[in-house]
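In the numbering used here, the protein residues as written are 1175 to 1246. Note that CB positions come from ideal geometry on N, CA and C, so glycine has one too. Quick caveat, the model's predicted, so the values are computed rather than measured.
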Amino acid sequence: MFEDLRAIIAERIGNLEPDSRFNIRDLLGNEWPEEQGSARQIGRDFRANLATFPGVEDEGRDGANLRWYRKT
């Protein structure tokens, strides 16, 4: 599923302003899967492939256990 969404993710990250903070769920919006297992897998796959998205840094998790990223 991640590979199907890779181009959408890259495009949306490209449209963000520098220094923008984001999470994958909000970035994907309507494309975010309803099924919890699929959603978790997309998050894991994005993090595992973070190096293929230049200018994106992992900011860690917040108190609600949601992982955040920053476009530099």
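Rounded C-alpha distance that separates residue i from residue j
| i | j | result |
| --- | --- | --- |
| T1246 | S1194 | 7 Å |
| N1223 | L1179 | 12 Å |
| F1196 | G1229 | 13 Å |
| L1240 | I1216 | 13 Å |
| R1186 | A1238 | 24 Å |
| G1126 | A1225 | With the chain running from 1175 to 1246 in the structure shown, residue 1126 is simply not present. |
| E1177 | S1212 | 13 Å |
Residue range of the unbroken beta strand (DSSP E) whose run includes residue i
| i | result |
| --- | --- |
| D1232 | V1230 to R1235 |
Proximity below 7 Å, CB of residue i to CB of residue j
| i | j | result |
| --- | --- | --- |
| R1199 | W1206 | yes |
| E1231 | R1244 | yes |
CB-CB length for residue i against residue j, believed under 8 Å
| i | j | result |
| --- | --- | --- |
| F1220 | A1184 | Not quite, the Cβ-Cβ distance comes to about 11 Å (not below 8 Å), so this is no contact. |
**Minimum length 4: unbroken alpha helix (DSSP H) runs contained in the region 1188 to 1222** = 1198 to 1202 and 1210 to 1222
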